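According to this note's numbering, the residues represented by the sequence shown are 177 to 533, in order. Glycine residues also receive a C-beta, built at the ideal position from the N, C-alpha and C atoms. Computed from a predicted model, the values in this text were never measured in an experiment.
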Amino acid sequence: MIRQGFFLFITSLLLASTVHAAPRGDVYDVLDTPAAQSSRAAQSRLFGLARAGDRLVAVGERGRILYSDDQGDSWTQAQVPVSSTLLSVCFPTPELGWATGHDGVVLSSRDGGESWSKVLDGYEVVQLGLDYYSKLVEANPGSEEYALLQSEMEFAVEQGADRPFFFTYFEDARRGFLVGAYGLMLATFDGGESWQPILELSENWGFRHLFDYERVGDTYYLTGEMGLVMYQEERKTRVKTVIPFYDGSFYTMIAAENGELIVAGMRANAFRSVDGGGTWQFLELPTEASVVGSTRLADGRVVLVTQAGQVLLGDASGLNFRLVPMENPFPLAGVIEGRPGELVLAGRGGLKTVALN
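Right under this line is the structure:
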């Protein structure tokens with residue numbers, strides 16, 4: 177599984193440079209402007225990575241999506257209908273892909289990432305939420321939970337398309353799950369033909385940001401800001417909160433070979449659980465930088481990457497991490513295995529391949 181978590185990192189990179197969706201009626205709106213083609217797209221800021229069969233796909237700033245058919249040696253820029261910065265990408269099949277990011281944008285590809293279409297944007301997402309929870313309030317007039325969610329969606333509609341999706345996960349071609357800012361949670365069970373807000377399933381009444389998502393067996397896990405770790409034992413049941421054990425943000429989560437869970441985030445704070453999240457032990461890492469992404473290699477080893485441009489390689493149990501030597505490092509956001517024993521990295525300097533010892 178590939179992981180990208182990074183709210184603090186992305187915010188620091190993009191506040192000065194990214195133009196977000198303008199209010200409807202303004203002259204320029206990134207949601208209506210196709211991503212510009214650039215000969216240097218592979219050197220631009222990129223955040224999310226995914227595998228589409230034998231192909232690699234990367235997403236990043238200003239709507240740029242690139243794909244590689246030679247394990248990261250060369251990249252081709254895709255046709256994308258928006259200029260919103262994209263943060264996460266997922267391919268449940270080699271042809272069918274999904275990408276999400278700033279301005280609540282949801283994109284879909286049917287050709288392995290070569291071309292994309294807009295399925296939803298932030299205006300539609302929050303209106304969908306308001307309509308959904310208004311109906312639930314009408315049907316359940318005494319429910320304080322539904323009333324709170326209706327109020328939150330009313331506020332979101334007033335704010336416009338300002339809620340990014342941080343992570344995208346599809347189990348298969350039909351079942352997908354998106355999470356993002358202010359506790360935003362959206363699901364589809366029909367391949368994106370329809371979408372359902374599912375905030376009422378969680379215990380995230382503080383509307384904390386949600387950054388990452390992992391599945392171990394039949395249990396689903398979520399991480400977020402302020403030490404938030406949640407789990408769901410069956411889809412459509414209540415998402416429960418793990419007893420807090422840390423008050424900083426967790427940007428990434430990864431399952432090791434035998435189901436051991438690792439969460440990591442601010443200032444190199446990382447924890448490991450061997451009992452499905454019941455208890456957590458502090459995990460010593462050879463860095464002081466924030467951990468913002470992770471992946472598990474084909475041989476079971478675990479990789480973490482940091483805001484300082486470091487690559488940390490651990491064993492198949494998620495222990496004994498060491499620094500991988502790096503030349504010309506730059507702040508990282510995403511990582512994936514290309515060829516066996518070779519990493520493809522995404523971050524502020526674009527895309528880079530690194531061979532592991």
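Whole angstroms is fine: what's the gap from residue i's alpha carbon to residue j's?
i	j	result
residue 480	residue 453	19 Å
residue 256	residue 514	24 Å
residue 440	residue 434	18 Å
residue 193	residue 260	Residue placement at residue 193 cannot be trusted, given a pLDDT of 37 that sits under 50; what the coordinates show is reported in the next sentence. Roughly 12 Å between the two C-alpha positions.
residue 343	residue 311	27 Å
residue 375	residue 325	8 Å
residue 203	residue 239	Here the model assigns residue 203 a pLDDT of 41, short of 50, so the residue's position is not dependable, and the following value carries that caveat. If I take the Cα positions, the gap works out to 18 Å.
residue 206	residue 265	19 Å
residue 530	residue 449	29 Å
residue 517	residue 251	20 Å
residue 400	residue 478	20 Å
residue 335	residue 476	44 Å
residue 209	residue 221	19 Å
Contact defined as beta carbons within less than 8 Å: I believe residue i pairs with residue j. What is the distance between those atoms, to the nearest angstrom?
i	j	result
residue 508	residue 469	6 Å
residue 279	residue 340	7 Å
residue 497	residue 525	Contact flag wrong, Cβ pair sits at about 23 Å.
According to DSSP, simplified to helix, strand and coil, what is residue i?
i	result
residue 517	coil
residue 219	helix
residue 207	helix
residue 390	strand
residue 448	strand
residue 402	coil
residue 229	coil
residue 442	helix
residue 248	coil
For a cutoff of 8 Å on Cβ pairs, would you count residue i as touching chain D?
i	result
residue 267	No chain D appears in this structure, which consists of one protein chain only.
Find out if the Cβ-Cβ distance for the pair residue i, residue j is shorter than 8 Å.
i	j	result
residue 212	residue 241	no
residue 352	residue 364	yes
residue 301	residue 283	no
residue 522	residue 272	no
residue 393	residue 432	no
residue 402	residue 378	no
Practice item. Any chance you could list the alpha helix (DSSP H) runs of at least 4 consecutive residues sitting entirely within the segment 256-336, in chain order? Key: 298-315 and 320-335
Review point. Whole beta strand (DSSP E) runs in the segment 454-498 with 3 or more residues, listed along the chain?
Key: For the segment 454-498, whole beta strand (DSSP E) runs of length 3 or above, ordered along the chain, are 467-472, 478-482 and 487-490.
Exercise for review: With a floor of 3 residues, list each beta strand (DSSP E) that falls wholly inside the segment 337-388, ordered by position along the chain.
Suggested key: Within the segment 337-388, the beta strand (DSSP E) runs of at least 3 residues that lie entirely inside it are, in chain order, 341-346, 352-356 and 361-364.
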